[in-house]
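Under this note's numbering, the first residue of the sequence shown is numbered 77, with each subsequent residue one higher. All C-beta atoms in this analysis are idealised placements derived from N, C-alpha and C, irrespective of residue type, glycine included. On a predicted model such as this, the values are computed, not experimentally measured, just so you know. Below is one structure, written out as structure tokens; the observations come after it.
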Amino acid sequence: MLYIFILLVPLIAWAQVQILSNFPLRRNNLEKVITPKNYKEMVEIIKSIDDVKDVYVMEEEDKVIIYVERFPIVRKIRIVGNRAVSQEEILSYLGMYEGMPLKNVELSEPELKDRVERFYMDRGFLDAKIGVTMESDEEGYVYLYIGIDEGPVYFTEGGVYKGSSFESSLLDLQIGLVKGRVFKESLFRESIFLLQDFYVKEGYWDSFVYYEGVEKIKLNRPFYWVLFPRDKAVSQNPLRWLGFLSEGISNLFSHPIGTFKALIGMGNVARPVFQVIEGKKYEVVFQGISFFTERELMEISHLKEKGADPFSLEEAKKNIVDAYHRKGFFDVKVDYKREGENRIVFIVDEGQRYRVLGEDMDGEFYDEERFEEMLKEKLERLFKEGYTLAEGSIDKDISRDEKVVKVRLNIRAGKRQVLKDLIYEGENREIKKIFSKYREKLPTIFDSRLIEALNLDIQRYFLQRGYMEGDFETNVKVEEDEGNIYYTYIYTVKEGPVYRLGETVYYGYDKTTSRELSYMTEKGVSYSEDLNDRTINNMLNSGIFTGVRIDTFVDRDKKVVHRLIQLSEDKRGLLDISLGYNTEEKLSLDLFLGMKNLFGVGLSAGIKYRKTGKRELYDIGLEDRFLFSSRYWFRTDVFKNYEEHKSYSLDSKGVNLQLGYRIGSHTSVGPILSLLHNKVDGQFINVKKYGLFLLREFKDDVFSPNRIHYNSINISVANGDTRYTKLDISTFYMIPIVRDVKLSFKVAGGVVEGGAPIFERFFLGGFKDLRGYSFEEIGQPNGGKYYAFGRMELLFPLKGSLIGVVFGDVGKVGQRMKEVFKGLKGDMGFATGFNTPIGPVRLDLAFPLEHGWHKKYKLYLSVGYYY
């Protein structure tokens, strides 16, 4: 044991506490927060760190030794040869990332190799060859290298079914095989169950199917299905052709070389191979039936699932008799016989169907299902009316002589349950507000969900205010009259002491300084969950971290809450190259080279170049999203920009400086200063602009948002070669209304006064605003001093990632305010496209709302969301 301690790495030490570990811990601030008084609480925090396997404590007279056993950590992952799929996709499938603790110590090179091979088999690369090497160093860091030879991509042609008597095309349909789709090996391994079900339905109850493997074929003929994979299972869908075409386009973009080779007859296809043992085909015949069909009785008998042994046949007979009884055939007689080994004959004497005597179906044929539905509907109606204890049954008396069934729905409603009041016995104003929100709905039909929601709000209040011992008791007062039971819930709420905010332990940061972390961390004297929420939001918005997790540790003896913040830093360097397209600017190229977290603070710098058909931009930017505080941020850039507009060309260069103050999690306000040198059609205009902005931007998901809020107000004053003031207001919302259906709308307006040059005036028209009109058509030739604009869109799914959109725009530009709202311009149209990680790729067709609209349509192709 002494030898082990000699080898341990001392991390921090002082007179009474010493921390040792088998491997160096990642950067943390333990040395600043741990003390002889709180080391027991800190040990519990250390145990919960993801990197830590276990913690041992040795207490001696004059010191405490804390030994931390750390997992190995994946330091670096390098993947080469992955041309068709990204490294992120492979690592996501493996569940690995740089910086993760390697908790699965048995994860070996052969196991990783097998996983990557399965990954590629499911993406059509059936010949992929994988090599995996794992190395570790003495500090407990693991280095993973994966080499990949992908080989060709295989497309699906058709299935091979050995031993089957059915047509291959029919069996392809049963397993969902789509000719021309990228071959997915695991899909066909699982499809044996679909084949088995098919054979059982066809009467081969003893059949057996297993997956044999893959037959790979090198093409010597064109294979056009890759551009139009046809799924026969959706042949009745009116939008099926769009779905087939979108999948063909996906093949072309995802695997351009493989798709091209398949089209010219040099590609590769694969066939799943199944071995089928059909066995005997059983034939079941039903004689004497008229009410049920043979297919219905076959399903009722359950012979397909149970087989044809004597016990199953007796059970099938009983099932058939019960089914007839439920439909009013109370004299039915059922028997069966076997003719040979494979033929089973059921002889049914249905008899006369009984009629109903009583209730709403008097004189009609008896149908037990209809009575069950009637009973269910009546009970549901009573539940809605507050009779939550209502119950019922179907009473029937069968008269075989008269061939009738006397039926009565026996319903016992009980008393109506009413939630009369919710009473809070206390003086806390905030708790009173919580209760007042619910008391507004009273009295009402008793609903336990309302009580549960109130209880959750009270518990949320405790956490938000730091009442970690907060609790409440409820007494229920019950009153009754002839038809009702009234419930009054009386709450006694005990907040208990407010817990103090204790130590904050940071773990896992590398380049960032602890001072910068403190700027991003929301603090307070008392603990509150809001502090944690705002801290996470600050750290993610800093752009420095890819992951943030906060765990809390409650010390009930000392009335303190400690926090552990585990961090994953993003890479400091960033190179981004992207291509885009839209109808107005044509092909666009964006290049960005940047560094973030410079000098251990939130300072980021970048060089940007953008080239489109109408614009060329050079930009050097510098920003700090937490300028020595959690409240302040700044952004500055030096730029040179060229823009082509409908009636002028603008060549500008200058400096912008923006300082922001956060007044909320997503809202900032602050000043703007710009020094601009502009050249407009040979005329030079130099101005200084001073402004103020208010900005709120929210997305519930960075890549696939369901909800977006974007609100901005910009006020600026310019002087220099000309003087003018400008106000621009815009609000954009995208919200979900039902599942996968979203509504978006934008309202914007602006005014400019004074000697504003043409590039500061307003124009409308084009794919960003009035889509039924040409680019900047509204406001020609010199632009307007006022504008107003509105847009509404409904986005809905079509098939897979394919989406549809219907929209309408309205707006106007004018020299005076009253001109804007006279003769408003409008358009309407629809769009289709598909969702991608960078936003929707869509094709818009817009028509102006004016005479001859059908001849003046505009077509736009664009990518992303436009606020």
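Please report the distance separating the alpha-carbon of residue i from that of residue j.
| i | j | result |
| --- | --- | --- |
| K55 | H930 | Given that the chain is displayed from residue 77 to residue 943, the structure contains no residue 55 and the question cannot be resolved. |
| N560 | K517 | 18 Å |
| I883 | Y430 | Correcting the residue identity first, residue 883 is Phe in this sequence and not Ile. Computed Cα separation, rounded: 58 Å. |
| V352 | L247 | 11 Å |
| E773 | S788 | 8 Å |
| D138 | Q92 | 6 Å |
| K244 | R265 | The question names Lys, yet the displayed sequence has Ser at residue 244. Each residue's alpha carbon lies about 17 Å from the other. |
| R402 | V424 | 16 Å |
| A489 | Y562 | 16 Å |
| F702 | V817 | 37 Å |
| F81 | P916 | Since pLDDT at F81 reaches only 41, below the 50 mark, its modelled position is unreliable, and the value read off the structure follows with that caveat. Looking at the two C-alpha atoms, the distance is approximately 58 Å. |
| E288 | G235 | 11 Å |
| I142 | Y173 | 29 Å |
| F872 | L935 | 20 Å |
| G584 | I122 | 12 Å |
| T743 | N617 | 12 Å |
| L155 | L640 | At residue 155 the sequence reads Ile, which differs from the Leu that was named. Looking at the two C-alpha atoms, the distance is approximately 33 Å. |
| K587 | K108 | 18 Å |
| E605 | E117 | 20 Å |
| I739 | F459 | 47 Å |
| D713 | G256 | 50 Å |
| K357 | V276 | 9 Å |
| K570 | I653 | 58 Å |
| P332 | K894 | 55 Å |
| D845 | N762 | 29 Å |
Given residue i, which residues of its chain have a CB within under 8 Å of its CB, disregarding the five upstream and five downstream residues?
| i | result |
| --- | --- |
| N858 | S723, I834, R837 |
| S602 | R541, G542, V574, Y575, R576, L577 |
| K454 | G468, L485, I487 |
Excluding the 5 residues preceding and the 5 following residue i in the sequence, name in chain order all residues of the same chain whose CB lies nearer than 6 Å to its CB.
| i | result |
| --- | --- |
| S168 | none |
| K735 | In the sequence under discussion, the amino acid at residue 735 is Leu, which differs from the Lys named in the question. Hits under 6 Å: F710, G746, P747. |
| F538 | G546 |
| S51 | Not covered by the structure: residue 51. The range shown for the chain is 77 to 943. |
| S806 | S788, A824 |
| V410 | K393, I396, V397, V424 |
Excluding sequence positions up to five away, which residues of its chain have a Cβ less than 7 Å from the Cβ of residue i?
| i | result |
| --- | --- |
| Y514 | L498, L526, L530 |
| L295 | A338, G341, M342, G343, N344, V345 |
| Y582 | N104, N105, S590, L593, I641, L643 |
For my contact list, residue i and residue j are in at a C-beta cut-off of 8 Å; report their separation, rounded to the angstrom.
| i | j | result |
| --- | --- | --- |
| L878 | M904 | Contact doesn't hold; Cβ gap of about 21 Å is too wide. |
| H638 | G682 | Not really, about 37 Å apart at Cβ, beyond 8 Å. |
| F621 | E645 | 6 Å |
| G404 | D443 | 7 Å |
| N717 | S705 | That belief does not hold up - the Cβ atoms of N717 and S705 are roughly 32 Å apart, past 8 Å. |
| P812 | N782 | 5 Å |
| F447 | I474 | The Cβ separation is near 14 Å, so there is no contact. |
| E829 | T801 | 5 Å |
The alpha helix (DSSP H) spanning residue i covers which residue range?
| i | result |
| --- | --- |
| V258 | That residue, V258, is in no alpha helix (DSSP H); it is neither H nor E in DSSP. |
| F538 | 524–541 |
| I813 | I813 -> not in any alpha helix (DSSP H); beta strand (DSSP E) instead, spanning 800–814. |
| E370 | 370–377 |
| E605 | 605–617 |
| R625 | No alpha helix (DSSP H) contains R625, which is instead part of the beta strand (DSSP E) from 621–631. |
| I683 | Per DSSP, I683 belongs to no alpha helix (DSSP H); it is in the beta strand (DSSP E), 679–687. |
| F710 | Counting along the chain, F710 falls outside any alpha helix (DSSP H), though it belongs to the beta strand (DSSP E) covering 708–720. |
What are the start and end residues of the beta strand (DSSP E) that includes residue i?
| i | result |
| --- | --- |
| I122 | Where I122 is concerned, there is no enclosing beta strand (DSSP E), although the alpha helix (DSSP H) it sits in stretches over 115–123. |
| H753 | 743–756 |
| K292 | 284–294 |
| M671 | 662–674 |
| A864 | 862–875 |
| F769 | 759–775 |
| S97 | 93–97 |
| A346 | 344–353 |
| R297 | It is not in any beta strand (DSSP E) - R297 carries neither H nor E in the DSSP assignment. |
| Y567 | 560–570 |
| E506 | Premise fails: E506 lies in the alpha helix (DSSP H), 505–515, not in any beta strand (DSSP E). |
| Q363 | 359–363 |
Are any of the Cβ atoms in chain E nearer than 8 Å to that of residue i?
| i | result |
| --- | --- |
| R799 | Among the chains in the structure shown there is no chain E, since it carries only a single protein chain. |
What runs of the beta strand (DSSP E), each 3 residues or longer, lie entirely inside the region 422–495? 431–433, 467–475, 480–488
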